[in-house]
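Working notes, beginning with the structure itself.
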Amino acid sequence: MIAGLNDNICNNCTIGFLSAPKEVNFANLQIESCDFCGKPVHEVGAFYERKEVKICRGCLDVCQEIIGYDLQIAGA
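Okay, structure coming up:
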């Protein structure tokens with residue numbers, strides 16, 4: 220699990236977001252902030268949605284880096 224300010228995300232969910240991202244249309248939703256970091260919509264620009272969770276691209280990138288680092292450590 221990777222801990223964020225407002226929520227946690229597992230490796231499988233991060234990979235799921237990255238493998239099939241679905242960008243959220245703000246006009247149709249009342250999204251105020253990223254479920255993971257809490258940054259407001261005007262700071263992050265876009266959210267990606269999967270199973271009712273919204274996460275910004277910045278958080279996805281950080282999670283991907285953490286997973287990559289963990290895999291490097293495990294392979295060493």
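Residues are numbered in my numbering as their position in the sequence shown, beginning at 1, plus a constant of 219.
We put the beta carbon where it would ideally sit given N, CA and C, even for glycine.
The structure presented is a predicted model; accordingly, all values stated were derived computationally and were not measured.
Per-residue burial, residue i [other beta carbons within 10 Å of its own, 16 or more giving buried]
i: C275; result: buried
i: N225; result: exposed
i: L290; result: exposed
Distance between beta carbons of residue j and residue i, contact taken as under 8 angstroms
i: I228; j: F266; result: In fact, because the Cβ distance is near 14 angstroms, the residues do not count as touching under 8 angstroms.
i: R269; j: G294; result: Actually they do not touch by this definition, with Cβ atoms about 27 angstroms apart.
i: V260; j: E251; result: 7 angstroms
i: C253; j: C232; result: Not really, about 14 angstroms apart at Cβ, beyond 8 angstroms.
i: N230; j: I286; result: 5 angstroms
For residue i: DSSP bridge partner residues
i: A222; result: N227
i: S238; result: Its beta-bridge partners do not exist; DSSP assigns none.
Limits of the unbroken alpha helix (DSSP H) element including residue i
i: C278; result: R276 to G294
i: E268; result: Run containing E268: none in the alpha helix (DSSP H); it sits in the beta strand (DSSP E), F266 to R269.
i: E262; result: V260 to V263
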